[in-house]
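Notes follow once the structure below has been shown.
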Amino acid sequence: MDFTTFKNLVIAHCEELGISDYELYYQAAESTSVSAFQHEINQFTSSTEGGICFRCIVSGKMGYASTEELSEEAAASIVARAADNASVLEAEEPVFLGEGGKSYAKLEREPYGMPATEALISKVLETQEQIYAANPAVIDGSSTQGIAERSITAIYNSRGLDLRSETTLAGLVVAAVVSNGKEMANDYQIKLGALDTIDTENLTKKAAETALGKLGGDVAPTGQYPVVFDPEAMSDLLATFSGVFSAENAQKGLSKLADKEGKTVASQAVTLVDDPFHPESPVQRTFDAEGSPTFCKQIIEKGEFRTLLYNLKTANLA
37 MDFTTFKNLV IAHCEELGIS DYELYYQAAE STSVSAFQHE INQFTSSTEG GICFRCIVSG
97 KMGYASTEEL SEEAAASIVA RAADNASVLE AEEPVFLGEG GKSYAKLERE PYGMPATEAL
157 ISKVLETQEQ IYAANPAVID GSSTQGIAER SITAIYNSRG LDLRSETTLA GLVVAAVVSN
217 GKEMANDYQI KLGALDTIDT ENLTKKAAET ALGKLGGDVA PTGQYPVVFD PEAMSDLLAT
277 FSGVFSAENA QKGLSKLADK EGKTVASQAV TLVDDPFHPE SPVQRTFDAE GSPTFCKQII
337 EKGEFRTLLY NLKTANLA
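Numbered by this note's numbering, the letters in the sequence shown go through residues 37 to 354 in order.
In structure tokens form, the structure reads like this:
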């Protein structure tokens, strides 16, 4: 059964039970992963998964239920379970569903197709050989992985939302292990995009050279030093602390950025942008998980904190 058929069954059951406020969130994905080790394929996986989350408002409370089965029985069950869950909730708090009729940006980048399994295997084996050719110091233990995924997301609700997006994600992961005869080091590099656009020679060279740069290191004496962060190290740090930009965390007292909008929180050299349409972003989105239109926003601009990241609930509370 496809999503449209299932959706129509859910709508019919909502009408039978007198539920007028509801939403369906559907996601399905197919993925393939291929790994090479010591010049040959050592792992292959292929999977398909998906499911539907249903939520409804009953007497001012939001009930949830989910299923991975798309059938007539599951459609009836998911509505009944969500309604039951709403009826037993004791928390008194505002609940929200996205509204339809909004404008959404159009993606300018042309989507690429999911690579065929044979093409993925061929690219992984080719890249595996390039690791060894990248530098004489590269030894066994080096590996290559190819990934490909196609996902579909759809949101439908009783307030006019009817959205659908399809994205493809492909790429290569290269892990280089090097040795100088006394010690070993390793590094991995990831590049996402259509396989035929990935410069595998540059990717493997970078992994080998970065791993080589880790050999011969020594412990620095304790002290205060100026530090220059590698862009990837800075990215890892940003990911670790990304929760401080959540409006929900700020409202719960879990972020020191609460009430700091409009104030200086960093050096003037720092600008942080949330851009769902950035040309180098592996996945671009025109709507978020609540169906709200996405847009480019300044989080920090020249050191000044501009905005937290809100959903419908936290924006209403603010």
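Don't be surprised by glycine CBs; every beta carbon is placed ideally from N, CA and C. Predicted model only: the values in this text are computed from it and were never measured.
Cα separation between residue i and residue j?
i: S139; j: T322; result: 10 Å
i: T203; j: T153; result: 18 Å
i: P147; j: F313; result: 13 Å
i: E85; j: F39; result: 14 Å
i: D254; j: S282; result: 39 Å
i: A354; j: P267; result: 34 Å
i: A87; j: T350; result: A small correction: the amino acid at residue 87 is Gly; Ala does not occupy that position in the sequence shown. In a straight line, the C-alpha of G87 is about 26 Å away from that of T350.
i: A155; j: L161; result: 10 Å
i: D272; j: V174; result: 26 Å
i: I226; j: M220; result: 21 Å
i: P151; j: E104; result: 26 Å
i: E67; j: T189; result: The question names Glu, but residue 67 in the sequence shown is Ser. If you take the alpha carbons of S67 and T189, they lie about 15 Å apart.
i: S303; j: K288; result: 26 Å
i: F42; j: Y224; result: 43 Å
i: M37; j: N44; result: 11 Å
i: L53; j: E109; result: 15 Å
Going by the CB atoms, is the gap between residue j and residue i shorter than 8 Å?
i: P130; j: L228; result: no
i: Y61; j: I191; result: yes
i: L248; j: N193; result: no
i: D57; j: G136; result: no
i: R186; j: A65; result: yes
i: Q164; j: E237; result: no
i: A127; j: A170; result: no
i: G298; j: E337; result: no
i: L208; j: L239; result: yes
i: V94; j: V46; result: no
i: S291; j: V280; result: yes
i: V264; j: A243; result: no
i: S179; j: S82; result: no
i: A294; j: A286; result: yes
Give me the residue from the options with the minimum Cα distance to residue i.
i: T343; options: D324, E316, T307, Q320; result: T307
i: S201; options: V160, I226, V263, A141; result: A141
i: V309; options: G177, L345, L239; result: L345
i: F90; options: D176, E59, T68, P147; result: E59
i: G177; options: A302, E76, E316, S328; result: E76
i: D120; options: M98, A206, P172; result: M98
i: S123; options: I234, G207, N78, I55; result: I55
i: A184; options: D272, C332, N347, A230; result: A230
i: L143; options: T330, A302, N347; result: T330
i: E284; options: L274, L251, N222, L348; result: L348
i: F375; options: M37, G182, C92; result: Nothing about residue 375 can be read from this structure; the chain reaches only from 37 to 354.
i: T233; options: S278, G279, G149; result: G149
i: T246; options: V214, S107, A110; result: V214
Starting from residue i, trace the alpha helix (DSSP H) in both directions and tell me its first and last residue.
i: C92; result: Here C92 belongs to no alpha helix (DSSP H); instead the beta strand (DSSP E) covers 76-94.
i: E316; result: Premise fails: E316 is in no alpha helix (DSSP H) and is neither H nor E.
i: Q164; result: 153-170
i: S107; result: Per DSSP, S107 belongs to no alpha helix (DSSP H) and is neither H nor E.
i: N193; result: No alpha helix (DSSP H) contains N193, which is instead part of the beta strand (DSSP E) from 179-193.
i: L231; result: Where L231 is concerned, there is no enclosing alpha helix (DSSP H), given that its DSSP letter is neither H nor E.
i: S278; result: S278 -> no alpha helix (DSSP H), and no H or E assigned at all.
Got a sec, what are the start and stop residues for the beta strand (DSSP E) residue i sits in?
i: M98; result: 97-103
i: V70; result: 58-73
i: L208; result: 198-215
i: L344; result: Careful: L344 lies outside any beta strand (DSSP E) and carries neither H nor E.
i: K43; result: Element bounds for K43: not the beta strand (DSSP E) but the alpha helix (DSSP H), 39-53.
i: Q334; result: 333-337
i: L308; result: 308-310
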